[in-house]
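Residue numbers (my numbering): 4 to 340.
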């Protein structure tokens, strides 16, 4: 397989070897054969990381979870073919009720910037009109933000969501077909919530398993609690409707290609200078007071834990937005090339 060449779908499938068995549809496509496993996906997130989503055929799940020595070949789906990305290893397996929902892969050879732009098209510029709906209409703002920020990811018809509170139902409708919306550091579980401690319901979780997201049943816009951050469930400042928007912004800041830094207050002001403050109360995670800022191509989270140093995460849609961050002269803990 020639690295970073463009081939047809048939040529990509042939990499798995003769008589390879093909599974999947227009989204993520898999071929399982004697030479290895082929993954054709639109889920490229960074120069190294990509996400593929289920449902997975048993044959595919066996290859991704079995740990055999056969390689995993990855291709990015393009309008005119498949871009060869090389081989990858499985880094994350997300299950729900024992069923594999999502797999994270990491490329052995990171993509150079110009090929990352090709493999992860940014789509048209995102707007900020949704900010004008806050604080009065957080669900309208959620729909507007997701439609703008993930305009490069085609939506899908949502599964029936009977019995869910209105905000969670609206979230699943807007997130349908867009696994990036509900995955990452802060996940919203697909389908009906699980049973939680007491009378609560579990509707989300941290990717590292440190806490679950709980809500009270029977309310249209219930309070939200973190279970695992402290001895007792910790109540979030905003209710579910606003929290779902804020958690979506948090994923955009932490999981979309960008950067992270520990800065003082003056440096934080320079980072968020061109952005608008999201007019909602601070989240309690990842820091005790986590404020959100948004602009046409950037979302930033500024976290404070009663210390002089602030924790800042920045996510961008277009790589050009990183130029201003580089010019700030900060000591970034990470900043995408």
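Cβ atoms here follow ideal geometry from the backbone N, Cα and C, with glycine treated the same way. Values in this document were obtained by computation on a predicted structure and should not be read as measured data.
So, at 6 Å on beta carbons, what are the nonlocal neighbours of residue i in its own chain, with the 5 sequence-adjacent residues on each side left out?
| i | result |
| --- | --- |
| residue 159 | 179 and 180 |
| residue 37 | 20 |
| residue 204 | 196, 218 and 220 |
| residue 302 | 252, 255, 256 and 318 |
| residue 277 | 298 |
| residue 130 | 151 |
| residue 245 | 141 and 283 |
| residue 208 | 190 and 215 |
| residue 148 | 133 |
| residue 307 | 290, 292 and 313 |
| residue 264 | 315, 333, 335 and 336 |
Count the other CB atoms, across all protein chains shown, that sit within 10 Å of the CB of residue i; report buried if there are 16 or more and exposed otherwise.
| i | result |
| --- | --- |
| residue 300 | buried |
| residue 32 | buried |
| residue 242 | buried |
| residue 169 | exposed |
| residue 287 | buried |
| residue 175 | buried |
| residue 337 | exposed |
| residue 235 | exposed |
| residue 145 | buried |
| residue 116 | exposed |
| residue 6 | exposed |
| residue 139 | exposed |
| residue 58 | exposed |
So what does residue i bridge to, in DSSP terms?
| i | result |
| --- | --- |
| residue 72 | Beta-bridge pairing links residue 72 to no other residue. |
| residue 43 | 32 and 78 |
| residue 238 | 228 |
| residue 85 | 10 and 80 |
| residue 55 | 106 |
| residue 205 | 197 and 217 |
| residue 286 | 293 |
| residue 316 | 263 and 304 |
| residue 93 | 108 |
| residue 280 | 296 |
| residue 61 | Answer is none; residue 61 lacks a bridge partner. |
| residue 98 | 103 |
Can you list, in chain order, the residues of its chain whose CB lies under 7 Å from that of residue i, leaving out five sequence neighbours each side?
| i | result |
| --- | --- |
| residue 285 | 240, 292, 293 and 294 |
| residue 110 | 51, 77, 88, 89 and 91 |
| residue 114 | 50, 88 and 122 |
I'd like the span of the alpha helix (DSSP H) that includes residue i, first residue to last.
| i | result |
| --- | --- |
| residue 250 | 243 to 258 |
| residue 329 | 325 to 330 |
| residue 185 | 182 to 185 |
| residue 264 | Not the alpha helix (DSSP H): residue 264 falls in the beta strand (DSSP E), residues 261 to 266. |
| residue 333 | Here residue 333 belongs to no alpha helix (DSSP H), and DSSP marks it neither H nor E. |
| residue 172 | 169 to 178 |
| residue 119 | 116 to 122 |
Tell me which same chain residues have a C-beta within less than 8 Å of the C-beta of residue i, skipping the five on either side of it?
| i | result |
| --- | --- |
| residue 258 | 48, 183, 186, 187, 188 and 318 |
| residue 232 | 213, 214, 287 and 288 |
In the DSSP assignment, find the beta strand (DSSP E) that holds residue i and state where it starts and stops.
| i | result |
| --- | --- |
| residue 145 | Residue 145 -> not in any beta strand (DSSP E); alpha helix (DSSP H) instead, spanning 141 to 152. |
| residue 294 | 292 to 297 |
| residue 307 | 301 to 307 |
| residue 25 | 24 to 27 |
| residue 191 | 189 to 191 |
Check each candidate in the options and name the one with the smallest Cα separation from residue i.
| i | options | result |
| --- | --- | --- |
| residue 190 | 206, 200 and 218 | 206 |
| residue 310 | 268, 4, 253 and 222 | 268 |
| residue 82 | 9, 315 and 213 | 9 |
| residue 282 | 249, 312, 306 and 314 | 249 |
| residue 22 | 116, 4, 199 and 41 | 41 |
| residue 223 | 166, 328, 108 and 327 | 166 |
| residue 64 | 44, 106 and 199 | 106 |
| residue 1 | 86, 69, 54 and 72 | The structure shown does not extend to residue 1, since the chain spans only 4 to 340, so no value can be given for it. |
| residue 133 | 296, 46 and 66 | 296 |
| residue 80 | 45, 108 and 71 | 45 |
| residue 334 | 315, 13, 320 and 247 | 315 |
| residue 104 | 261, 161 and 194 | 194 |
| residue 86 | 120, 199 and 238 | 120 |
| residue 326 | 305, 280 and 274 | 274 |
| residue 60 | 154, 332, 35 and 247 | 35 |
| residue 247 | 56, 192, 320 and 13 | 192 |
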